[in-house]
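A.B. asks:
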Ligand SMILES: Nc1ncnc2c1ncn2[C@@H]1O[C@H](COP(=O)(O)OP(=O)(O)OP(=O)(O)O)[C@@H](O)[C@H]1O
Ligand SMILES: Nc1ncnc2c1ncn2[C@@H]1O[C@H](COP(=O)(O)OP(=O)(O)OP(=O)(O)O)[C@@H](O)[C@H]1O
Ligand SMILES: [Mg+2]
Ligand SMILES: [Mg+2]
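Chains as they are written, first to last, in our numbering: chain R, 1 to 710; chain A, 711 to 1420.
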């Protein structure tokens, strides 16, 4: 486990200041004001997350316009003048132009990531998952990351990589949640809004609202968004928070849709949408005998998903070792962009699958003219060169005969390989859409197979199987359960396929879990984050607190000398120190013998006390003038440089009792690991004290100590 | 707070037996088997819940058939022969026959409830809510209750009361969940299935699955069902449990639909359904300027909902005092049945609202012939005499002009009053459908008003407003939030109106909460159940464990004499006794001075030990032969009669150490109430020990001690 990651401080420090606040006049009113502000912040989070989605969508579609209208059309027109339409050197010209365009886009994305915000690479869902789990990953919700994410993913998708914009949307949502709730853009640009939310607890809640809004904007799935935020993190179900998350998600979904329909000047102003919507099934029916087939699809999805994950894991390990250099990573990104474009063209050339117009072609005009006769379009181009969301839609809804089986097979394999390679590149890129697309392709192929086997059954529709395949592949890769069902149901806008989608996802998860871990969990494992899963490891009933804890504790007495505090703060990086009633020399060990547990104090609080010089030279001296207020403790960063303390102050006394948390959670030495695990998960703990039968401090357990057991 | 209600024991007792189980060979396999059984149980819960729904639906529709085809049609035919069609003595005949039929139905329902299972009265949602919150309400999930609920609600609805079958469906689901997981029908009928689930923890989880399945069956809303179960109870979000609840819900929804479509021989075998489905909106659109109107509807709904609640509360208080006798309660039920039928006929007679056929009439054939010309039907009959679900549908989907404003107004008021009176009668009856129907009526009226004010706006549709009105009224009454949104979205089968429904529900909740409590909370308050809400009471930071706890504890030493145990068990009804290392006489108080906390032991465990005579006469005597196994502790009921203990055993020794929970949750005396509250809610606690700075036992806190603070 890496020591780079610290825990978020979700627990309320119920010290004297906190308790006294209740006696202040206007306290009730203040609570109401804060409550109102929470709703306002959630409203803003919804709006801004949607706007991030709008920016991405508009950038991608503008780029696609440019590519098709200028790059392609112009060249093809030129070719038309000179040479024969199909084949020849002209094709190479088009291909080169296309590749050049894609590579330059990817160059932008990769440069942004590599040189400015490396944390913005990838989908961002693992990072958000960790954050919601209670782990602070540096820079993960910073403004810089947000900007790189939004523009980077637009460039990556515009550059034709096998990348989705949905994962990055979720990360962006989280970053927006953090940004808005903190009410400032940067340390130096601080208008001072929402000061009351400047603590880890509130921040984490707002990040979950942002993540929900991100899902809602990405898939038009507000309920799915809420379920996602809960499934992936919120440590306990809190009704009020859930309701606010739902509000954010609804607002995001609404705003995105209203803005995009306005921008693209379509009618139906406020009907439902989202970045990725998969169209409505006209012919919604399935029969009971199809359910075994769906289950089979689930099994296949579990296997291919696990294959995806383990291949990607290998590649990531390889990358970690051999592609560590910035320039190497840039080159790799460019290489993948080139190979992706190249693969498309080669397939287009090799697989001759021209289909009469009108079967649901996407916008791939110029290309069709290159490879197909008039009145026909290329099914391959439809898959490889259109917007991936559009490709998913055509796989789901095109009538039978729109795609040849070979096309589907080759596409599924190629896209699978490309997306394995793409995920983990130094560009912002999600895995949702690539997985859905791969799955939809082989699912449709499966559907064609079923149709071929049972030709006499009416009501067959390969699109249905494409949907199941998409669900299976995605489920096999990410292993999300209830939230993914909700997302897919909302994105297809009806509930008919609820049961089969659920069954497929369940099979995919079971089979997949049998073969490998989920993709996000593998990412998290690779980055050595101390994530706490849902359940304690199996066979842990006999592991006790005594084994889990660290016993070489650094603790303090309530009256402590400034010198001692400085020593602790400089010598260690611990973020909290238990407070005990007395510390004695021990005869038997190097470690002192700690007395009864009285509380704990955070590093940030100690830093604040030192900064404000809240100490006195004689213990009896009056401290009234130096009593700190709650305000003084806000916004002290634990990484902050320690204040200088002069030699004359070294021996001054600090009184910790009004500031420490006076009743920390504690367990006896014989508490079992599952018991400790439930405390950590159920209450969102950061520190747990271990005491002996006399309530004397014997050890400390942090998230990392617990996460060590897998 | 009533002492009738005990807590469920959600905590795992991690004693020596539990720990040793891990060392047994086959332990891993056993865990897997249990896991598999959980899924099987959830599958069965889904199936049987759906079947309960099917039974209710078929009974209700058979009765309606009978009423319309035989009672009504025959009489009306007779009238046709003799007298003029409209008016006259014949109408009285029809009316009397109708009332007699309804009253006899309600008689059945009321007798079942009053004389067999009083707990089955009402909607059952409050009871399920309490159960999921961790409170054991006697008989609430028994087979008897289930039977009465299913047949009683069928009879009540068939008897034309303003009663829904959805709430009772949820209760039935919960009862089925409990029944199936316990694998026995009754104490005496025990085939011995699912022995491993015979504890409160598993039971509670399965009841939540059953409740989710109930919602899914009632509304065709599996996601809504899961959210309901979580919102109303599950003390913490547990991913695996949620997934199983979802599975149950899906299966229920699927089975209900498949069976009903088969029974009613409709096509579209596996499209979505549920008992109450509100039809699909053809014209799904709304514009931004309508949102303030929706908010206004939300405000109205909050007010009328609060009015409903406080009126109903008054009536319930009145009932508690003056209608306590069984016969009085029966009479009241019959009276309400008669008044309901009478009101319908009077309205039919007074309000002359005949509408051309083809605007979406329900089956009210005979009645139409009585009051309307040929080729017309009575809009009033459509509302009063059809199946309430059908009436909701026509309010939502009928074209403009199907209902006169006066009809709507009169209907809304009359139905409101009747449903206030009906809820709380001694029959199983839910409030969902009555509230939806009332709301849909005034919502549609609101829509007509809007149309009249803005006649030039195209796309106006009163049905949309009816939907919002229905949501507002229901939200104002029950105050559920996210789960209700999901239920309504799933029941209307599309997501278009997601944002407005959410906004309406939010407004209704805010306004309603300002004016009164939610209906279910009022029910719970009336029955004095120690429910723990989501949040600790406000202004509780300075209430400490020392204030909350009971300090006159009865505790034991680890070695305890049988006589002492018997004394404790007979003299008190406490369900757990702390175990301390020593008990000394105290000089200062009547209470003994307890030593260090070592664990706690449950009453059921003590009873089991006594039953198996697990004690010895000399402390040094070997106890190996008498060591209990885990099996011995299962299925000991705490209400069980205590075994007789002979005088010679009074002085024998019991050794509690291998059986007690060795590391109970503890807090120091200065822990605050919110802190304790979070522990109880987050971990589903039943007992919390309070210790002093030396870890000496000073008090005990149970759910009731916490719930006392509001
Ligand atoms: N006050 C302390 N005295 C001694 N050991 C400590 C103390 N606090 C934490 N530890 C131990 O140090 C190790 C690293 O701890 P960790 O980094 O989790 O603590 P932290 O930096 O205080 O908190 P976090 O990283 O969670 O923000 C853990 O094994 C933990 O038990
Ligand atoms: N062992 C005990 N000794 C003394 N008082 C107790 C003991 N157990 C519970 N109490 C107190 O008795 C009162 C009634 O308790 P309650 O009925 O909640 O306990 P219980 O019957 O043991 O558990 P429950 O009712 O939750 O199943 C509470 O105030 C509680 O603090
Ligand atoms: Mg650390
Ligand atoms: Mg009790």
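Think of the CB as a built atom: it goes at the ideal place given N, C-alpha and C, for glycine as much as any other residue.
#1: In angstroms with no decimal places, state the Cα-to-Cα distance between residue 1214 of chain A and residue 680 of chain R.
#2: Between the alpha carbons of residue 719 of chain A and residue 510 of chain R, how many angstroms are there, rounded?
#3: Can the beta-carbon of residue 233 of chain R be found closer than 9 Å to that of residue 490 of chain R?
#4: Along the chain, which unbroken stretches of the alpha helix (DSSP H) at least 4 residues long are found entirely within the stretch 364–420 of chain R?
#5: Going by CA-CA distance only, name the one from A:1370, A:1153, A:1362 and A:1257 that's closest to residue 1412 of chain A.
#6: Within this structure, are the beta carbons of residue 1124 of chain A and residue 1057 of chain A separated by less than 9 Å?
#7: Mind checking if residue 1357 of chain A is an interface residue toward chain R, Cβ cutoff 9 Å exclusive?
#8: Kindly say whether residue 220 of chain R, judged by its beta-carbon, lies nearer than 9 Å to any beta-carbon of chain B.
#9: How do the stretch 800–820 of chain A and the stretch 1124–1144 of chain A stand: do at least 3 beta-carbon pairs fall below 8 Å, yes or no?
#10: Using C-beta distances below 6 Å, list every residue in its chain close to residue 1114 of chain A, excluding the 5 sequence neighbours before and after it, in chain order.
#11: Can you tell me which of the three DSSP states residue 118 of chain R falls into?
#12: Should residue 585 of chain R go down as buried or exposed, given a rule of 16 or more other Cβ atoms within 10 Å for buried?
#13: Restricting to Cα atoms, I'd like to know which of R:296, R:2, R:593 and R:248 is closest to residue 47 of chain R.
#14: Which same chain residues, not among the five before or five after residue 1099 of chain A, have their C-beta less than 6 Å away from its C-beta?
#15: Measuring alpha carbon to alpha carbon, tell me which of A:1269, A:1299 and A:900 ends up nearest residue 1370 of chain A.
#16: Let me know if residue 1327 of chain A comes out buried or exposed under the rule of 16 or more other beta-carbons within 10 Å of its beta-carbon.
#17: Taking CB distances under 9 Å as the criterion, tell me whether residue 916 of chain A reaches chain R.
#18: Any Cβ of chain A within less than 9 Å of the Cβ of residue 659 of chain R?
#19: If we ignore side chains and look at the alpha-carbon of each, how far apart do residue 875 of chain A and residue 928 of chain A end up?
#20: Between which two residues does the beta strand (DSSP E) harbouring residue 1288 of chain A extend?
#21: Select from A:725, A:922 and A:1359 the residue whose C-alpha is nearest the C-alpha of residue 541 of chain R.
#22: Could you pull out every residue in the same chain whose Cβ sits closer than 6 Å to the Cβ of residue 635 of chain R, ignoring the five residues on either side in sequence?
#23: Where does residue 242 of chain R fall in DSSP's three states?
#24: Roughly how many angstroms separate the alpha carbons of residue 457 of chain R and residue 451 of chain R, rounded to a whole number?
#25: By alpha-carbon positions, which one of R:337, R:329 and R:372 ends up nearest to residue 76 of chain R?
#26: Please state whether the Cβ-Cβ distance between residue 955 of chain A and residue 931 of chain A is less than 9 Å.
#27: The beta strand (DSSP E) that contains residue 354 of chain R, what's its start and end?
#28: Is the beta carbon of residue 841 of chain A sitting closer than 9 Å to the one on residue 917 of chain A?
#29: In whole angstroms, give me the CA-to-CA distance for residue 1339 of chain A and residue 1308 of chain A.
#30: How about residue 162 of chain R and residue 455 of chain R: are their beta carbons less than 9 Å apart?
#31: What does residue 996 of chain A pair with, by DSSP beta-bridge criteria?
#32: With a Cβ-Cβ cutoff of 9 Å, do residue 1384 of chain A and residue 1139 of chain A count as a contact?
#33: If contact means a Cβ-Cβ distance below 9 Å, which residues of the stretch 716–727 of chain A contact chain R?
#34: Can you find a C-beta in chain R that's less than 9 Å from the C-beta of residue 933 of chain A?
#35: Counting contacts by CB-CB distance shorter than 9 Å, is residue 503 of chain R in contact with chain A?
#36: Please list the partners that residue 1107 of chain A has in chain R, where partner means a Cβ-to-Cβ separation under 7 Å.
C.D. replies: From the atom records:
#1: Between the C-alpha atoms of residue 1214 of chain A and residue 680 of chain R there is a straight-line separation of about 37 Å.
#2: 31 Å
#3: no
#4: 365–371, 379–384 and 388–397
#5: For the residues A:1370, A:1153, A:1362 and A:1257, the minimum Cα distance to residue 1412 of chain A belongs to A:1257.
#6: yes
#7: Residue 1357 of chain A does not count as touching chain R.
#8: Considering every chain present, this structure includes no chain B. Its protein chains are R and A.
#9: yes
#10: 1063
#11: helix
#12: exposed
#13: R:248
#14: 986
#15: Considering only alpha carbons, the answer is A:1269.
#16: exposed
#17: no
#18: no
#19: In a straight line, the C-alpha of residue 875 of chain A is about 8 Å away from that of residue 928 of chain A.
#20: 1286–1290
#21: A:725
#22: 198
#23: helix
#24: Each residue's alpha carbon lies about 8 Å from the other.
#25: R:372
#26: no
#27: Membership of residue 354 of chain R in the beta strand (DSSP E) is indicated by the continuous run 354–356.
#28: yes
#29: 21 Å
#30: no
#31: Partner(s): none; residue 996 of chain A has no beta bridge.
#32: no
#33: 722 and 724
#34: Under the 9 Å criterion on CB atoms, residue 933 of chain A is classed as interfacial with respect to chain R.
#35: Yes - at least one Cβ of chain A is within 9 Å of the one on residue 503 of chain R.
#36: Here the premise fails: no neighbours, minimum Cβ distance about 18 Å.
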